[in-house]
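Heads up, the sequence shown is in my numbering, so the first residue is 9 and it goes up one at a time.
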Amino acid sequence: MIRAAYMKATILSHEAVPSGADSSEVHRFTFILDDGQTLPRSRVISLRTARVLVAELTDADAFVRMLREIVRTEPADYDSLPGQVFTDRDAAPPDTEPLQP
9 MIRAAYMKAT ILSHEAVPSG ADSSEVHRFT FILDDGQTLP RSRVISLRTA RVLVAELTDA
69 DAFVRMLREI VRTEPADYDS LPGQVFTDRD AAPPDTEPLQ P
């Protein structure tokens with residue numbers, strides 16, 4: 009039996025801008041990607057990188073949905089993101105979500 013590709017992205021943590029940094033783009037988010045077929049992988053992404061990817065990626069899989077949520081969240085609310093889970097199963101079609109915040 010072949011399983012359909014399925015992705016789950018979970019935001020684990022938010023790391024604020026280090027003291028002395030001159031850019032709000034340095035916020036970092038740790039997340040896990042789980043495809044249900046291999047061991048889940050933990051990664052870190054900066055706000056700057058998330059913005060670039062959101063501007064370039066048009067699909068609406070779990071990873072892209074997670075990035076879009078990071079990009080559209082106000083800085084004061086970044087600490088509310090850890091624990092949020094995004095899945096391919098509840099992803100909206102690409103043209104129903106804006107690519108830019």
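The beta carbon of each residue, even a glycine, is placed where N, CA and C say it ideally should be.
This structure is a prediction, so every number in the text was calculated from the model and none was measured.
Per-residue burial, residue i [other beta carbons within 10 Å of its own, 16 or more giving buried]
i, result
"Met9", "Unreliable placement is indicated for Met9, whose pLDDT of 42 sits below 50; no coordinate value is reported for it."
"Leu47", "exposed"
"Val60", "exposed"
For residue i, three-class secondary structure by DSSP
i, result
"Asp87", "helix"
"Arg97", "coil"
"Val52", "strand"
"Glu82", "coil"
"Leu47", "coil"
"Thr66", "coil"
"Ala58", "helix"
Under 8 Å between C-beta atoms of residue i and residue j
i, j, result
"Ile78", "Leu41", "no"
Rounded Cβ spacing between residue i and residue j (contact assumed at less than 8 Å)
i, j, result
"Pro90", "His22", "6 Å"
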